[in-house]
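The structure appears below as structure tokens.
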């Protein structure tokens with residue numbers, strides 16, 4: 113397999129020579145993709161996977177048969193013989209075996225950093241606590257409508273290492289980038305980097321909010337005056353932590369006009385460049401609803417502008433995109449009551465944004481795996497908007513304590529019981545929202561499975577109609 117390095121003097125070239133020994137840590141989709149790529153390049157690849165073989169749901173037919181897998185943990189002695197170790201985004205960088213390996217001189221590289229070094233196309237990277245997937249998908253659609261070859265992946269779904277063998281034909285690589293992926297970047301330098309918002313998240317992985325924010329800021333660490341930062345001018349945290357950036361900024365705002373950037377004016381999404389204003393699309397023509405989705409639309413418009421995409425392609429994408437599964441997905445109506453599946457609401461900020469667009473009689477289903485963040489920011493909006501609060505999962509007890517007295521509250525054992533109770537309590541004017549504000553890993557393999565279970569229960573108890 114012929115590979116072109118972004119930097120022809122990259123020392124990684126030596127470590128990826130024919131027959132080099134490489135250990136890939138983690139056998140999720142990113143790990144499988146990285147392992148297969150390295151094997152195709154001629155490396156001798158092995159994989160370390162935390163799960164036991166009998167507990168794993170990995171489709172082993174997707175993995176190159178030459179690759180040996182070590183199941184059931186990450187013993188430090190396994191890591192001793194490998195000069196290069198590639199880790200998947202879900203693998204903690206401070207894993208003991210990695211720390212020991214790095215101390216003896218092993219090079220520990222993230223899957224996204226590997227892909228960046230092995231591609232020459234410019235990258236568009238989108239990070240933030242919420243809205244990344246919707247924004248990236250909108251940018252991807254805008255690029256397609258412009259006729260650009262700019263595949264989207266990263267934290268969104270498709271591992272970025274899959275784009276390496278298509279690099280010669282790509283105009284851009286568009287990546288949803290998480291704090292986990294940014295922990296391990298070294299040379300990563302996107303041509304356009306967007307930061308959508310910041311709210312406390314993943315504090316079960318990061319020591320505190322400062323560490324989480326520091327990881328996010330690494331997206332800009334290698335960018336220079338030729339590159340663009342797309343920033344949310346309405347987000348206090350984003351404005352504060354990016355104030356000292358020395359790169360060009362093209363901001364977006366839902367709340368006010370801007371001298372340059374994307375904003376809303378008289379019911380239209382407007383782009384302002386070089387002192388001139390250009391209308392893109394009327395806000396009421398967008399298929400997506402909700403203030404959070406308007407912010408995502410503005411962010412995508414600003415990014416697309418810096419990519420050179422025309423306003424016609426932007427407008428067609430904005431007016432045709434109806435949203436992603438499990439992200440404020442309107443499932444239908446139960447006796448006139450709308451039912452929303454927001455299983456992707458995996459943190460407090462996401463649930464807050466989802467509640468913003470709803471009325472004052474919400475039946476809210478919360479709970480899942482506790483991520484160590486404070487639930488206090490939700491209490492005021494629950495008092496104002498939530499008539500019934502249904503809690504489930506590992507976080508239920510802590511949530512009950514946090515929201516004590518805010519509204520009528522009950523703890524249930526599972527999603528099925530939560531939906532059954534929501535049905536019983538629904539009345540004309542109610543809205544049912546499943547937005548857990550937690551990760552799903554106490555009961556499910558991911559937010560997708562959790563969302564599918566919610567939808568199945570909704571169909572069972574509600575006979576939903578569209």
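Residue numbers (this note's numbering): 113 to 578.
Every residue, glycine too, gets a C-beta built ideally from N, C-alpha and C.
Note that this is a predicted model, so its numbers are computed, not measured.
DSSP places residue 419 in the helix class (H, G or I) of the three-state scheme. For residue 463, the enclosing alpha helix (DSSP H) begins and ends at 460-468. A distance below 7 Å between beta-carbons, with the five flanking residues on each side excluded, links residue 203 to the following residues of its chain, in chain order: 137, 138.
A distance of 9 Å or more separates the beta carbons of residue 499 and residue 522. Note that the C-beta distance between residue 331 and residue 305 is below 9 Å.
CA-to-CA, the gap between residue 571 and residue 462 works out to about 25 Å.
Taking all protein chains shown into account, residue 362 has 16 or more neighbouring C-beta atoms within 10 Å of its C-beta and is therefore buried.
Under the three-state reduction of DSSP output, residue 256 falls in the helix class. Per DSSP, residue 487 lies in no beta strand (DSSP E) and is assigned neither H nor E.
Every alpha helix (DSSP H) stretch that sits fully inside the stretch 134-205 and reaches 4 residues is listed by chain position as 141-152.
Distance from residue 446 to residue 530 at the Cβ level is roughly 14 Å; contact not present, criterion being Cβ atoms closer than 8 Å. For residue 482, the number of other beta carbons within 10 angstroms of its own is at least 16, and it is reported as buried. In this structure residue 368 is exposed. Its beta-carbon is surrounded by fewer than 16 other beta-carbon atoms within 10 angstroms.
Inside the stretch 281-350, DSSP marks whole beta strand (DSSP E) runs of 3 or more residues at positions 285-288, 304-307, 340-343, from first to last along the chain.
Using a Cβ-Cβ distance cut-off of 8 Å, the stretch 232-250 and the stretch 144-154 are not in contact, since fewer than three pairs of beta carbons, one from each stretch, lie closer than that value.
In the same chain as residue 525, and ignoring 5 residues on each side of it, the C-beta atoms closer than 8 Å to its own belong to 504, in chain order.
Residue environment: residue 245 is assigned as buried (16 or more neighbouring CB atoms within 10 Å of its CB, all protein chains considered). In this structure, residue 286 keeps its C-beta atom at 9 Å or more from the C-beta atom of residue 224.
For residue 290 and residue 328, the gap between their C-alpha atoms comes out near 8 Å.
If the five residues before and after residue 181 are omitted, its C-beta is found closer than 7 Å to the C-beta atoms of 139, 159, 161, all from its own chain and listed in chain order.
Residues of the same chain with a CB within less than 8 Å of the CB of residue 131, apart from the 5 flanking positions on each side, are 154, 155, 156 in chain order. Taking the Cα of residue 440 as reference, the smallest distance to any Cα among 517, 544, 388, 257 is reached at 544.
Residue 299 and residue 520 have their C-alpha atoms some 51 Å from each other.
Separation of residue 268 and residue 567 (C-alpha to C-alpha, rounded to the nearest whole angstrom) is 21 Å.
Distance from the CA of residue 120 to the CA of residue 511, rounded to the nearest whole angstrom, comes to 53 Å. Taking the Cα of residue 423 as reference, the smallest distance to any Cα among 406, 390, 172, 433 is reached at 390. Taken through DSSP and simplified to helix, strand or coil, residue 525 comes out as coil.
When 117, 200, 116 are compared, the shortest CA-CA separation from residue 135 is found for 200.
In terms of Cα proximity to residue 449, the closest of 471, 294, 127 is 471. A distance below 6 Å between beta-carbons, with the five flanking residues on each side excluded, links residue 412 to the following residues of its chain, in chain order: 247, 250, 251. In the three-state reduction of the DSSP assignment, residue 239 falls in the strand class. In the same chain as residue 436, and ignoring 5 residues on each side of it, the C-beta atoms closer than 8 Å to its own belong to 245, 246, 249, 456, in chain order. For residue 385, the enclosing beta strand (DSSP E) covers residues 380-385.
Secondary structure at residue 275: helix, using DSSP grouped into helix, strand and coil. Between the C-alpha atoms of residue 294 and residue 227 there is a straight-line separation of about 13 Å.
Listed in chain order, the non-local C-beta contacts of residue 165 below 6 Å within the same chain comprise 183, local neighbours out to five positions each way being set aside.
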